[in-house]
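Q: Pasting a structure below so you can have a look.
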Amino acid sequence: IDASHLKAVVESFICEQPNPSYVAPVAERINSRDYPSAFLTHKRGDDSEQYPDTFDQFIRYDFSFMFDPFHPLTRSRTFNSPFGGTVRTWSQHFSQIHRDAIHENPNMIFIVEIAYFDGRFLNLPDDSPYWFRNDDGSIAIREWSVDAFGNEQVERLVNFTHPDVIEMIIQQTVAIAKCGLYDGIWLDRWHPDFRGELSHLVSPEDERNARLQILQGIRANVREDFLIMVNSRQEFPHFAPYINGVFIEAHEPNPNYTHKDLHHFENIIKWYESNLRKPSFTLLWGQVNHKPPRSPRVMRLFTMLSLTHSDGYVSVSSLPHPVRTYYYDFWDADLGRPVGKKAQLYEGREGLFIREFTNGWAVYNRSGAAQQITLPAFAKGWHSKVEGTEHTVPDLDGEIFLKAPIADVNGDGVVNILDLVIVANALGKTEPDVNGDGIVNIQDLVIVANAF
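In the working numbering, the protein residues as written are 14 to 465.
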């Protein structure tokens, strides 16, 4: 291997930042967050009217990758930041934003991409022996998309099965792991649909073995809780012991999702939830036409699929810009933490799922028809605004139902003087003990009064 080239590549990834003392352990941040839990990737949509401050929108997400300035460390140290101005002292700027973001949202996770597949950050010359090559000696390419103007987007393919390239990938990741500002890496193009057919360049067995060597080499040289995420939509038993998370690009040629599509995503999420390395997570990424009324419905559909079938993160992109992410107010609902089982059918009805959270219920419907449900307690639909125990959930849709506040002692849906009278008349007794300390006292009165 060319030692000078490897040194240059690795040094471009070095971040001289120790593990910050203000950051909780990775597993704690993943497991203690409230739901819904959204992630941010690629480009942020224009939410300037709703969130004029970019940072204010940024911290609403619990997981970030492929988003400046939390983008690959190989980016120039001088670049235009979406947070305003031109950044010239990259490391200091990034460190401060990281500190500010964690202060506002202590559960945020930051991932960086290792572009092992297309050589974007390897700076390989055209005559490098590390490219996949066609029979005529030309560098192999993959056509992966067509833009709005009909232009094909292509990428040149690095031979990641070469032992030298495998070592480069491992050393890049080791350097990232030493930077206290990142929690892990993302390896793109892990799924055949995304990486394209490579059998004319390398045998499936050699490809699988190379990927396994990459994962094993990384795991042997990074800290125990360092995260590895890939993108895929299929099972991968050989790789699962090394991988924590999966970015599920649920993008179809025509994003009119069918019941069959959704059933597939449910099953693959179940497999990931059961087989990935802990702490494990999924990132479910749907696609919408960003025009009401269809766009919010698809957003709710994917949000509720994620909530009822996983402890994962969710987001949606929008056409005609498939990598542009928007934030939806629907994700501001405070469901709290999950307490119910995943993938639980409501009353045994096929395609209708419900899951209880500390502050309410998530309901997801792909049954083929609108469904009437009866909740065990008074609740209000976050989207529908309907209050009570009886609710209707349309097909290919979902809803968040929030429980009445604990201060609503009489369960009539509103906290008022009637609740205060009930608590006052029960002073010294054990019920209604609003704060759960074992006795009804002045503290319970204060809670009710403050919730008017």
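Don't be surprised by glycine CBs; every beta carbon is placed ideally from N, CA and C.
Are the CB atoms of E286 and S323 nearer to each other than 8 Å?
A: Taking the first residue of the sequence shown as 1, we reach residue 286 at position 273. Taking the first residue of the sequence shown as 1, we reach residue 323 at position 310. For E286 and S323, yes; Cβs fall inside 8 Å.
Q: Is it buried or exposed for S89, if we count other Cβ within 10 angstroms and need 16 for buried?
A: The count along the sequence shown starts at 1 and reaches residue 89 at position 76. Note that S89 has pLDDT 41, beneath the 50 cutoff, so the model's placement of it is unreliable and no number is given.
Q: With 16 other CB atoms within 10 Å as the buried threshold, where does Q300 fall?
A: One-based indexing of the sequence shown puts residue 300 at position 287. Buried, since its Cβ has 16 or more Cβ neighbours within 10 Å.
Q: Assuming E403 is part of the beta strand (DSSP E), what are its boundary residues?
A: Looking up residue 403 in the sequence shown gives position 390. Unbroken beta strand (DSSP E) run through E403: 400 to 406.
Q: Can you tell me which residues form a DSSP beta bridge with K393?
A: Translated into the one-based positions of the sequence shown, residue 393 becomes position 380. According to DSSP, K393 bridges with E400, L415.
Q: Who are the Cβ neighbours of A356 in its own chain at under 8 Å, not counting the five residues just before and after it?
A: Translated into the one-based positions of the sequence shown, residue 356 becomes position 343. Hits under 8 Å: E279, K283, T321, H322, F366.
Q: Out of R73, I452, H213, N288, state which residue places its alpha-carbon closest to the alpha-carbon of Y339.
A: As a working mapping, residue 339 is identified with position 326 in the sequence shown. Of the listed residues, the one whose Cα sits closest to Y339 is R73.
Q: Look at the alpha carbon of V428 and the alpha carbon of R313, and state the distance between them as a whole number of angstroms.
A: Numbered from 1 along the sequence shown, position 415 holds the residue referred to as residue 428. Numbered from 1 along the sequence shown, position 300 holds the residue referred to as residue 313. Taking the straight line joining both Cα atoms gives about 29 Å.
Q: Taking just the CA atoms, how far does V178 sit from G98?
A: Position 85 of the sequence shown, counting from 1, holds the residue named residue 98. Position 165 of the sequence shown, counting from 1, holds the residue named residue 178. Only weak support is given to the placement of G98: the predicted model assigns it a pLDDT of 39, under 50, and the value that follows is read from those uncertain coordinates. When rounded, the distance between both Cα atoms is 36 Å.
Q: For A462, which residues of its own chain have a beta-carbon under 7 Å away from its beta-carbon, when the five flanking residues on both sides are left out?
A: Translated into positions along the sequence shown, residue 462 becomes position 449. Closer than 7 Å at Cβ, skipping near neighbours: L433.
Q: Give me, in chain order, the residues of the same chain whose beta-carbon lies closer than 8 Å to that of Q30; leave out the 5 immediate sequence neighbours on both sides.
A: Here the question's residue 30 lines up with position 17 in the sequence shown. The answer, listed in chain order, is S104, S108, C192, G193, L194.
Q: Out of F145, N454, F123, which has the shortest C-alpha to C-alpha gap to G132?
A: Numbered from its first residue, the sequence shown carries residue 132 at position 119. If we check each option's Cα against that of G132, F145 comes out closest.
Q: Among L458, W199, R155, G163, whose alpha-carbon lies nearest the alpha-carbon of N172?
A: As a working mapping, residue 172 is identified with position 159 in the sequence shown. Here the closest residue by C-alpha is R155.
Q: Which whole-angstrom value describes the C-beta separation of A263 and L297, a residue pair presumed to lie in contact below a C-beta threshold of 8 Å?
A: Locating residue 263 in the sequence shown gives position 250, where the first residue counts as 1. Locating residue 297 in the sequence shown gives position 284, where the first residue counts as 1. About 6 Å separates the two Cβ atoms, so the contact holds.
Q: Does the Cβ of G449 have 16 or more other Cβ atoms within 10 Å, making it buried, or fewer, making it exposed?
A: To locate residue 449, count along the sequence shown from 1; it is residue 436. That one is exposed.
Q: Is P309 helix, strand or coil when you go by DSSP?
A: Here residue 309 refers to the residue found at position 296 when the sequence shown is read from its first residue. Note: P309 maps to helix in three-state DSSP.
Q: Which whole runs of the beta strand (DSSP E) in the segment 157 to 193 are 3 residues long or more, in chain order?
A: List check, beta strand (DSSP E) in window: 165 to 169.
Q: Taking 8 Å as the cut-off, decide whether the C-beta atoms of I183 and I124 are in contact.
A: Taking the sequence shown and counting its residues from 1, one reaches residue 183 at position 170. Taking the sequence shown and counting its residues from 1, one reaches residue 124 at position 111. Going by C-beta atoms, I183 is not nearer than 8 Å to I124.
Q: Hey, Y143 and L137 are a contact pair by Cβ (cut 8 Å); roughly how many whole angstroms apart?
A: By one-based count along the sequence shown, residue 143 stands at place 130. By one-based count along the sequence shown, residue 137 stands at place 124. Contact holds; Cβ gap of about 6 Å.
Q: Would a C-beta distance cut-off of 8 Å place N378 and G411 closer than the cut-off?
A: In the sequence shown, residue 378 corresponds to position 365, counting from 1. In the sequence shown, residue 411 corresponds to position 398, counting from 1. Yes, these two residues count as a Cβ contact at 8 Å.
Q: Please name the residue, chosen from V215, I127, A439, that lies closest to N147 on a Cα-to-Cα basis.
A: As a first step, residue 147 is located in the sequence shown; it is residue number 134 there, counting from the start. Among V215, I127, A439, the Cα nearest to that of N147 is on V215.
Q: For S380, which of H251, P250, P254, T271 has the nearest alpha-carbon?
A: As a working note, residue 380 is residue 367 in the sequence shown. Taking only the C-alpha atoms, the option nearest S380 is T271.
Q: Identify, in the order they occur along the chain, each residue of the same chain with its Cβ nearer than 8 Å to the Cβ of N372, setting aside the five sequence neighbours on each side.
A: The residue labelled residue 372 in the question sits at position 359 within the sequence shown. Within the same chain, N372 has close Cβ partners D347, L348, G349, L415, K416.
Q: Would you kindly work out how many angstroms separate the C-alpha atoms of N260 and F249, rounded to a whole number?
A: The residue labelled residue 260 in the question sits at position 247 within the sequence shown. The residue labelled residue 249 in the question sits at position 236 within the sequence shown. According to the sequence as given, residue 260 is Phe; it is not Asn. Looking at the two C-alpha atoms, the distance is approximately 14 Å.
Q: Assign Q247 to one of three DSSP states: helix, strand, or coil.
A: The residue you call residue 247 lines up with position 234 of the sequence shown. In the structure shown, Q247 sits in coil (DSSP, three-state: anything other than H, G, I, E or B).
Q: May I ask which residues mark the beginning and end of the alpha helix (DSSP H) holding V376?
A: Residue mapping note: residue 376 aligns to position 363 of the sequence shown, counting from 1. Here V376 belongs to no alpha helix (DSSP H); instead the beta strand (DSSP E) covers 373 to 378.
Q: In angstroms, rounded to a whole number, what distance separates the CA positions of W203 and S245?
A: The sequence position of residue 203 within the sequence shown is 190, counting from 1. The sequence position of residue 245 within the sequence shown is 232, counting from 1. If you take the alpha carbons of W203 and S245, they lie about 6 Å apart.
Q: Identify, in the order they occur along the chain, each residue of the same chain with its Cβ nearer than 7 Å to the Cβ of I419, setting aside the five sequence neighbours on each side.
A: Reading the sequence shown from its first residue, position 406 is the one you call residue 419. The answer, listed in chain order, is V447.
Q: Kindly indicate which three-state DSSP category A253 falls into: helix, strand or coil?
A: Walking along the sequence shown from the start, residue 253 turns up at place 240. If DSSP states are grouped into helix, strand and coil, A253 belongs with the helices.
Q: By DSSP, does S89 sit in helix, in strand, or in coil?
A: Here residue 89 is taken as the residue at index 76 of the sequence shown, counted from 1. Reliability of the predicted coordinates at S89 is poor, the pLDDT of 41 falling under 50, and the value obtained from them is presented with this limitation in mind. Of the three classes helix, strand and coil, the one that applies to S89 here is coil, per DSSP.
Q: For P119, which of N164, A382, M79, D47 has the nearest alpha-carbon?
A: Translated into the one-based positions of the sequence shown, residue 119 becomes position 106. Of the candidates N164, A382, M79, D47, the one whose C-alpha sits nearest the C-alpha of P119 is D47.
Q: When you compare the CB positions of M317 and V399, do they come within less than 8 Å of one another, or not?
A: Indexing the sequence shown from 1 puts residue 317 at position 304. Indexing the sequence shown from 1 puts residue 399 at position 386. Taking 8 Å as the Cβ cut-off, M317 and V399 do not qualify as a contacting pair.
Q: In angstroms, rounded to a whole number, what distance separates the CA positions of R232 and E180?
A: Locating residue 232 in the sequence shown gives position 219, counting from the first residue. Locating residue 180 in the sequence shown gives position 167, counting from the first residue. Going from the Cα of R232 to the Cα of E180 covers about 13 Å.
Q: Figure out for me which residue from H111, L211, P254 has the closest Cα to the Cα of N288.
A: Counted from its first residue, the sequence shown places residue 288 at position 275. Checking every option, the nearest Cα to that of N288 belongs to P254.
Q: Per DSSP, H262 forms a beta bridge with which residues?
A: By 1-based counting over the sequence shown, the position of residue 262 is 249. Note on identity: in this sequence residue 262 is Glu, with His being the wrong assignment. Answer is W298.
Q: Please list, in chain order, all residues of the same chain as P445 whose beta carbon is under 7 Å from its beta carbon, the five residues on each side excluded.
A: Residue mapping note: residue 445 aligns to position 432 of the sequence shown, counting from 1. So the qualifying residues of the chain are V422, I435, V436, A439, V453.
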